[in-house]
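First to last, the protein sequences are chains A and B. Counting with the working numbering, you get residues 1 to 487 for the letters of the first sequence. Counting with the working numbering, you get residues 1001 to 1302 for the letters of the second sequence. Remarks on the structure that follows.
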Amino acid sequence: MSLNFSSPLFLFGLLGISIPVLIHFLTRRQQKQIRFSAVYLLAQSQKRSIRKSRPNRLLLLLARCLAIALFSLALANPLFSFREAPLSTDPASTVFVLDDSYSMGIRSTKEKTLFDHALEYAVKELQDAPDSSEFSLILASSPARIEQDWTSNKAAFTNKLEAQAVSYRTTHIGEAMDKAIKLLESAEQKKKRILLMTDLDKNGWKEETFSKIAPLTSYPVQILNFSKLQSADNKAMVQNIQVTQEFLTRSRLLRVKAEVKNFSSTINRMPLSFFLEGKLVKEELPDIRPGQTLVQEFSYPLRRNQPLSGKVQFSEDSLPADNERFFSFHPSQNIRVLVVDGDPETIPHQSESFYLERALNPFSVSLSHIDPTVSTLAELPLRNLSDFSVIILANISELPQGYELELEKFVFNGGALLFGMGDQVSPKYFNEHLGNLLPVKLDSLYHSREDALHLLLKNNTHPVMQVFSPKALEEMKGINFYSMYTV
Amino acid sequence: MENSAQTFDTQVLSRVSTLKMIAINLVEGLLTGQHRSRHKGASVEFAEYKDYSPGDEIRHIDWKVAGKTDKYHVKQYEQSTNLKCTILLDASGSMGYSSPLNERAPKMEYARNLVAGLSYLLLKQFDAVGLTLFNEQVIEHIPPRSKASHFQHILHGLANISPGGTTRITEVLGGLSERLPRRSMLILVSDFFVQNQDLQKSLKLLSSRGLEVVLFHVLHPDEINLPFEGDIVFESLEEDPAIGLDPQDIREEYKNTIQNHISALKKNCNGVGMDYVFMDTSEPLDQALSYYLLKRKSLIKL
C-alpha cells in the first residue's frame, strides 16, 4: 500500500499543529507546587466534589493537534493505492491503459488536470518498477490504440508518457482492455498486469464490449480512479457556435449565436463573454435554468471586410476546455443581388434576367463584387431576404400573397429594392399593393408606335448619374425605349 | 537565641501585658492575688535552697541541713506558683505553613507570638508557665516556672522550633495528662489538622483530670479560603500523599469541609467545658488575644 497526496502543499498545514502546542505552552498555567497543611482535607473535598474536574489539558491538546492534522491531510487529498508490493524484485510486464478522453481534462487544482495526476502516477510507478520490467501504453480514448508496444527503456517510456495530452474524444475502456489483454499475451515477463488509469466516466464503460473479453480475469487489473480529485463540477459548456453575416442593415452585422448549456443544478446565471480579436466585446448574464440549453445571440457591426476571429466564453469551472468556442469568419464584401424574374423562359438566354445577371456579373464575382442570384416568383418565399442587399423585381405581375410586407420590412431594414418594368406589370396591382414602396403612382402603359423613345440626359447632376462617364452617358442616349409607364 | 527581641513583637507583648489573664476555675495556689484558691493556707511547694543572708526569716532555715553541713541554708518556696500553666504548642509540619501568595507571617510565627504573649502575661502575674512542644511525640518540655527569668527559657524554646513531623495529638495528650499537675491550666495551641484521631476522647480525658484547658485553634486564611488559582500540586507538610488539582473545582466543598472541622472542634470543646478560641492569622495577634482575655474577664466571678 502506498500513500500519495494530490495537493501535497496542504501538508504544510501540518505545521499548524505547532499552534495548539504553542498555545498549550503559552497558556499553560504553571503547575505550581505548594506545600500545604490540610492536604487530607483537600483530598476529602475532592472526593466529595460533584463537579468533575476539567478535561485533562493534555488530552485537549492532543485532540486539537489531531483535528488540525486531519484537516490538513484531508485538504492534501490523500490517495491510498493498494498496489502489489511496488518494491517487489520480480520484474513484471505492465500495460498502462491511460484514459485520455475529454473528461480527464477536468481540473483538480488550478494548474493540474486529472490527466496530469494520472501521468504523474504512471511515471512514479515506472520509476518504482524493478529493472528489466517491460511496459506498454494504450490510450483509451475512442478508438483505443496502442501508443507504445513493449519496451524496457524506462526513460523513453517516460518521455512517451509525458508527451501525452488529453484528447477531445470519448472513452472506450472495453476496446482498450481488449487490446491490453492481447498485448499481455505477447509479454515476456511471467508477472503480468494491467494498470488502468481513468476517471470512470460512465460513457466509456459499455457492457457489451466487456462481455466479449473472456480472459479478463486471467490478469490482475488495477483500476485507479482519479475522478475523486475533481475540484468542482463542470457547470456549463458552450455547445455550439454559429456565425452569420447580415447584409440588410445600414451597417452590416455579424451575428454570433452561441448555444450554451447549464449543467449545474442550482446556478441560473453565469457570465458569458464574447471576444473579438482578443478583446472583450460584450458580456451577458443569460438566465439559463439548470439543465437547460439556451441560444445567446451576440451581434457586432462589421466595419471592415477583414477576416475576424473570436470566441464565446463562459466563466471558469472545473473543465475549462468546454467553456469556450472559437470562430473565425471572413465577412463577404460582395453585394448579393436577388433577381426575381417575373417572366422566365425555358431557354435561359430568352429571359430578360439572363442579360441582367450577365450585366451585374460579367466575368466573376471577385471582379464586380456583385453576386446575383436569379429566382422565379414561385421560389421567392423560400429565399431568405436578409441574405441579400438588393432585390430586383424584374417584370413581375403579382407577388405571392402578403409578400409585399416582407419587402417593406426588407426595405425598412436597409435593403435596396429595384423595380424593372415590363409588359407583365399591372399598374393597378402595383399601386394597390406596393404603393408604400413606390416613389410614384403608376398611371398607364404608353406605347410609342412610331419612333423609339430616348433618354435626354440633360441634367446629370443627380448623384446616381455621377457614376457614369460622359462617354457612357452618350451611349445611353442611344438606347431605344418602345413603351413606358406614365406617372 | 538570636534576635529574640526582633522575633517577638514587642508591641504585642506590651499591649497584652496590660491585660491580665484570670483563671476562672479555682486553681490550687496560695499566693495572694487575684486568683482564688480552693486550698487556702495549704503549704507552698519547695523550690530550692539558698545560702542564708541576714534579713532572711530564721524559720525558713533548714536545720537538718545545717546540722549535717554546718552551713545555713534557707528553703525557698515557689511563692508565685498560684497557677501552673503548661502551654502545649503543636510543632508538627502543618504548623509550618507559610502562604506563597502574600508575605503574611507564617503560621508558626503567629503561634510563637501567641505563646510568647501568653507566657509573658502569665509570668507577669507570677503564674508558672511551662512549654511543651510536640508533633508525633513530645519534642521539648520546659517545666512550669514562675520566675521572671523563665521567660527567656520559654523564648529560647520557641525560637528553636522547626516545624516537622505529623500531628499525633491524642498520643501526646494521653501521655501528658498523667504528668501534668492536677488542677493546672493547659493551653493547647495547634491547627488541629489531625487525621484519624479521636480528639474528643483526649479532651475528655484532660477535662476529667480537672485541668482547665484552652484551645487556641490557629489557622491561616489560605487554609480557610483556599485562594489559589491554576493547576496546583499540593504537597503535604506532613505525610499525606501529594494531590494535584485545580482549587477552583473544589473550593466550595473545601470551605464547607474546613468550616465543619472548625465547628466540630468548637462543639467538642464546649461539650467538655473547655474554652475554644479560633485565631485567624490575618487578624492582629493583640486584637485576637485581647478579645479573648476580655471575654474571660467578663466571665470571672469574684
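Beta carbons are placed, not taken as given, at the ideal position from N, Cα and C, and that holds for glycine. Everything numeric in this text was worked out from a predicted model, so none of it was measured.
Nearest to A/Ser332 by alpha carbon, out of A/Ile23, A/Asp387, A/Glu474, A/Lys311? A/Asp387
Short of 7 Å in beta carbon distance, which residues of its chain neighbour A/Ala416, apart from the five on each side in sequence? Order them along the chain. Ser389, Val390
Using CA atoms only, rank isn't needed, just tell me which of A/Leu385, A/Asp199, A/Lys261, A/Lys112 is closest to A/Glu246. A/Leu385
If you measure beta-carbon to beta-carbon, which residues of the segment 1166-1189 of chain B are closer than 7 Å to chain A? none
Closer than 8 Å to chain A by CB, B/Glu1136: no
Please list, in chain order, all residues of the same chain as B/Tyr1292 whose beta carbon is under 7 Å from its beta carbon, the five residues on each side excluded. Val1277
8 Å Cβ cutoff met for B/Ser1177 and B/Leu1215: no
Buried or exposed for A/Glu474, please, with buried defined as at least 16 other CB atoms from any protein chain shown within 10 angstroms of its CB. exposed
8 Å contact criterion, which A/Ile288 and A/Leu294 should meet: CB distance rounded: 5 Å
Stretch pair the segment 307-327 of chain A + the segment 146-164 of chain A: three plus CB contacts closer than 8 Å: no
Less than 8 Å separating the beta-carbons of A/Ser142 and A/His172? yes
Closer than 8 Å to chain A by CB, B/Gly1055: no
Locate the beta strand (DSSP E) running through A/Val487, then write down its first and last residues. That residue, A/Val487, is in no beta strand (DSSP E); it is neither H nor E in DSSP.
Can you pull the chain A residues whose beta carbon is under 8 Å from the beta carbon of B/Ser989, in chain order? No information on residue 989 of chain B is available, as it lies outside the stretch 1001 to 1302 that chain B covers here.
Does B/Gln1259 have its Cβ less than 8 Å from a Cβ in chain A? no
Given that a residue counts as buried once 16 or more other Cβ atoms are within 10 Å of its Cβ, and exposed if not, what is B/Leu1302? Confidence in B/Leu1302 is poor, its pLDDT being 39 and thus under 50, which makes the residue's placement too unreliable to answer from.
Going along chain B, which residues have a C-beta under 9 Å from A/Arg107? Residues of chain B passing the Cβ test: none, with the nearest at roughly 51 Å.
In angstroms with no decimal places, state the Cα-to-Cα distance between A/Ala258 and A/Arg145. 34 Å
Report buried or exposed for A/Leu456, applying the criterion of at least 16 other Cβ atoms within 10 angstroms of its Cβ. exposed
If I'm right that B/Gly1157 touches B/Glu1136 with Cβ under 8 Å, what's the distance once you round it to whole angstroms? About 18 Å separates the two Cβ atoms, so there is no contact after all.
Under 8 Å by Cβ, that's how I've got A/Glu134 and A/Thr151 pegged, so tell me the actual separation to the nearest angstrom. 6 Å
Segment limits, alpha helix (DSSP H) that includes B/Trp1063: 1063-1069
Start-to-end residues for the alpha helix (DSSP H) that takes in A/Phe430: 427-433
Does B/Thr1086 come out as helix, strand or coil in the three-state DSSP assignment? strand
Mapping the DSSP letters down to three states, classify B/Ser1043 as helix, strand or coil. The predicted model places B/Ser1043 with a pLDDT of 44, which falls under 50 and marks its position as unreliable; any figure quoted below should be read in that light. Three-state DSSP puts B/Ser1043 in coil, outside helix and strand.
Out of B/Arg1145, B/Arg1182, B/Gly1273, B/Met1108, state which residue places its alpha-carbon closest to the alpha-carbon of B/Leu1285. B/Met1108
Looking at the secondary structure, which residues open and close the beta strand (DSSP E) in which B/Gly969 lies? Coverage of chain B is limited to positions 1001 through 1302, which leaves residue 969 of chain B absent and any answer about it impossible.
Along the segment 23-43 of chain A, what residues have a CB closer than 9 Å to any CB found in chain B? Arg28, Arg29, Gln30, Gln31, Lys32, Gln33, Ile34, Arg35, Phe36, Ser37, Ala38, Val39, Tyr40, Leu41, Leu42, Ala43
Under a three-way DSSP split, which group does B/Tyr1276 fall into? strand
Do A/Arg255 and A/Ser299 have their CB atoms nearer than 8 Å? yes
Of all the options B/Asp1275, B/Ala1091, B/Ile1232, which has the alpha carbon lying nearest to the alpha carbon of B/Glu1238? B/Ala1091
is_contact[A/Leu48, chain B] using C-beta, thresh 8 Å: The residue you asked about is not Leu; residue 48 of chain A is Arg in the sequence shown. Closer than 8 Å: yes.
Ordered along the chain, which non-local residues of its own chain (more than five positions away) have a Cβ less than 8 Å from that of A/Phe491? Absent from the model: residue 491 of chain A. The displayed extent of chain A is 1 to 487, so no value can be given.
Comparing the C-beta of B/Asp1325 with each C-beta of chain A, is any distance below 8 Å? The question about residue 1325 of chain B has no answer here: the residues shown for chain B are numbered 1001 through 1302.
Which residues in chain A sit within 8 Å of B/Val1233, going by Cβ to Cβ distance? Gln31, Lys32, Gln33, Ile34
Whole-angstrom Cβ separation of A/Leu377 and A/Ile396, contact assumed at under 8 Å? 6 Å
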